[in-house]
Amino acid sequence: MALPVFRIDRRRRIADATISLHVVGLPPLAFIAALAAFLLLTATIAGCTDGPERTDVSGRTVQAVATTSMIADLVREIGGDRVHVEGLMGPGVDPHLYRATEGDVTRMTSADIIFFNGLHLEGKMAEVLEQVESRGIMADAVAEVVPVDSLLAPPEFQGNFDPHVWMDVSLWKLAAGAVAEGLANLDSTHAEGYKTRMAAYLARLDSLDTWVRGRLSDVGDDQRVLVTAHDAFNYFGRAYGFEVKGLQGISTATEAGAADVQNLAEFVANRRIHAMFVESSVPPRSIEAVQAAVRSRGFEVRIGGNLYSDALGNPASGHDNYEGMIRHNVNTIADALMPQSASEAPAAGVAMK
Ligand SMILES: [Zn+2]
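Numbering (numbering that gives the first Met the number 0), first residue to last: 0 to 352.
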């Protein structure tokens with residue numbers, strides 16, 4: 000078993016000093032003990048810090064705002080009945096391109112706490128988030144608690160970290176810890192409840208991670224390639240053993256060019272990849288262009304289905320929560336790339352034209 004790693008540092012992402020506790024790979028009981036120790040430490044430090052007065056939320060519901068739908072789901076899981084969560088970005092919304100509306104700004108400035116991804120995912124919201132923070136509203140970047148040595152920095156993102164950490168379930172556990180910590184800081188009288196809910200949720204994420212590995216275990220080595228519209232799946236690939244090829248870079252803000260389409264088509268045809276995937280928050284036309292370019296090389300690659308990358312699914316779809324999103328993605332990938340799907344097409348899954 001991996002040794003627990005504690006990293007305590009001071010962040011100034013809110014108006015007064017807080018201490019953040021990063022816990023990596025801890026079993027639930029040890030995590031609870033660690034969080035209890037941390038809360039005691041925070042309480043001690045709070046007594047000698049001259050920060051602005053926090054609103055007392057102990058007698059009412061905490062008002063939280065979350066940027067992406069994955070984060071909104073996480074805050075609902077950890078917050079339970081204590082927290083009302085407003086999610087800014089709905090199903091199919093692309094966070095790289097999303098600009099805050101006037102209504103969003105109102106929601107943020109009247110919130111007790113804001114949770115966002117960070118790592119430049121919400122690329123067009125940086126200024127708004129800074130303004131909100133400057134008013135003393137707590138704003139926590141849940142992906143920025145991931146230790147730097149666990150982050151990916153692909154060259155195409157020009158020196159920035161890849162923000163799509165939710166695609167690795169074990170990294171999303173760290174985000175869950177960040178949410179629990181943020182809520183416990185704000186609403187310390189109910190810290191126990193957040194701890195309990197976090198422990199239960201972390202156990203569910205452990206089960207989910209185990210299920211993912213089992214479900215993907217039958218995908219053959221030659222098919223462990225994930226071809227998608229944009230590079231949202233690098234963490235998924237690293238965690239679960241897939242090579243990842245995105246047509247667009249990390250952000251959807253850059254359109255794929257004709258050369259990118261041809262290069263990817265060449266790769267797919269050469270490697271005889273059975274299926275490529277479209278994404279809920281990226282228009283399918285770019286991946287369809289690759290499919291056509293593969294066909295012009297005399298091979299046939301299927302669109303294996305729709306993956307959720309940067310947003311959850313519609314309400315009541317069953318994919319409107321994080322666990323449902325991951326299960327849908329993994330089932331879609333496994334069904335499209337597993338050996339039995341190869342038998343649907345002649346010539347080892349690649350139809351010769
Ligand atoms: Zn993305």
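In this text, a Cβ means the ideal position worked out from N, Cα and C, and glycines have one as well.
Contact check, Met107 vs Leu185, beta carbons under 8 Å: In this structure, Leu185 does not lie closer than 8 Å to Met107 by Cβ.
His327 to Ser308 span [Cα, whole Å]: Approximately 11 Å between the Cα atoms of the pair.
DSSP beta-bridge partners of Ile302: Answer is Met275, bridged to Ile302.
Around ligand 1, Cβ to any heavy atom closer than 5 Å, ordered along the chain: Going by the Cβ distance cut-off, the answer is Ala231 and Asp309.
Val56, DSSP secondary structure in three states: Val56: coil per DSSP, three-state reduction.
Candidates His163, Leu201, Val168 and Met337, of which the one nearest Ala179 by Cα: Residue Leu201 is the option with its Cα nearest to Ala179.
Endpoints, beta strand (DSSP E) assigned at Met197: Segment Ala190 to Leu215 is the alpha helix (DSSP H) holding Met197; no beta strand (DSSP E) there.
DSSP-derived helix/strand/coil call for Leu225: Leu225: strand per DSSP, three-state reduction.
Gly117 burial status per 10 Å Cβ neighbour count (16 or more: buried): Looking at its Cβ environment, which holds 16 or more other Cβ atoms inside 10 Å, Gly117 is buried.
Beta-carbon spacing of Ile113, Val64 below 8 Å: Yes, Cβ-Cβ distance for Ile113 and Val64 is below 8 Å.
Glu101: first and last residue of the uninterrupted alpha helix (DSSP H) it sits in: Glu101 -> alpha helix (DSSP H) spans Glu101 to Thr108.
Residue nearest to Val56 in terms of C-alpha spacing, selected from Ser68, Arg203, Thr100 and Val82: Considering only alpha carbons, the answer is Val82.
Per DSSP, the bridge partner or partners of Val243: Val243 is bridged to Leu225.
Cα-Cα separation between Glu126 and Leu96, rounded to whole angstroms: Glu126 and Leu96: Cα-Cα distance of roughly 14 Å.
Sub-8 Å separation of Gly312 and Ser279 beta-carbons: Their beta carbons are under 8 Å apart, which means Gly312 touches Ser279 by this criterion.
Cβ neighbours of Met124 in the same chain (closer than 8 Å, five flanking residues each side left out): Excluding residues within five positions, the ones whose Cβ falls inside 8 Å are Thr66, Tyr97, Arg98, Ala99 and Phe115.
Beta-carbon proximity check, Leu246 vs Ala228, cutoff 8 Å: Yes, they are a contact pair.
Endpoints, alpha helix (DSSP H) assigned at Gly256: Note, Gly256: premise wrong, no alpha helix (DSSP H); not H, not E.
Opposing strand residues paired with Val61 [DSSP bridges]: Answer is Val82.
Three-way DSSP call (helix, strand, coil) for Ala174 in this model: It is helical.
Beta-carbon gap between Leu204 and Tyr239 smaller than 8 Å: It is not a contact, given that the beta carbons lie outside the stated cut-off.
Alpha-carbon to alpha-carbon, Ala335 and Met324: Each residue's alpha carbon lies about 17 Å from the other.
Buried/exposed call for Ala264, threshold 16 Cβ in 10 Å: Counting Cβ neighbours within 10 Å, Ala264 comes out buried, since at least 16 surround it.
As assigned by DSSP and simplified to three states, the class of Phe235: Of the three classes helix, strand and coil, the one that applies to Phe235 here is helix, per DSSP.
Candidates Pro90, His119 and Val131, of which the one nearest Thr354 by Cα: For the chain, the structure presents residues 0 to 352; residue 354 sits outside this window and is missing.
Host beta strand (DSSP E) of Asp139 (start-end): DSSP places Asp139 in the uninterrupted beta strand (DSSP E) bounded by Met137 to Ala140.
For His21, three-class secondary structure by DSSP: Since pLDDT at His21 reaches only 37, below the 50 mark, its modelled position is unreliable, and the value read off the structure follows with that caveat. Of the three classes helix, strand and coil, the one that applies to His21 here is strand, per DSSP.
Test item: CB-CB of Phe241 and Val224 under 8 Å: Between Phe241 and Val224, the C-beta spacing is below 8 Å.
Identity of the residues DSSP links to Phe115 by a beta bridge: DSSP output for Phe115 lists Ala140 as bridge partner(s).
Endpoints, the alpha helix (DSSP H) within which Val145 is located: Careful: Val145 lies outside any alpha helix (DSSP H) and carries neither H nor E.
Arg307, DSSP secondary structure in three states: Arg is not the amino acid found at residue 307; the sequence shown has Tyr there. Of the three classes helix, strand and coil, the one that applies to Tyr307 here is coil, per DSSP.
Per-residue DSSP class, three states only, for Asp93: In the three-state DSSP reduction, Asp93 falls in the coil class, being neither helix nor strand.
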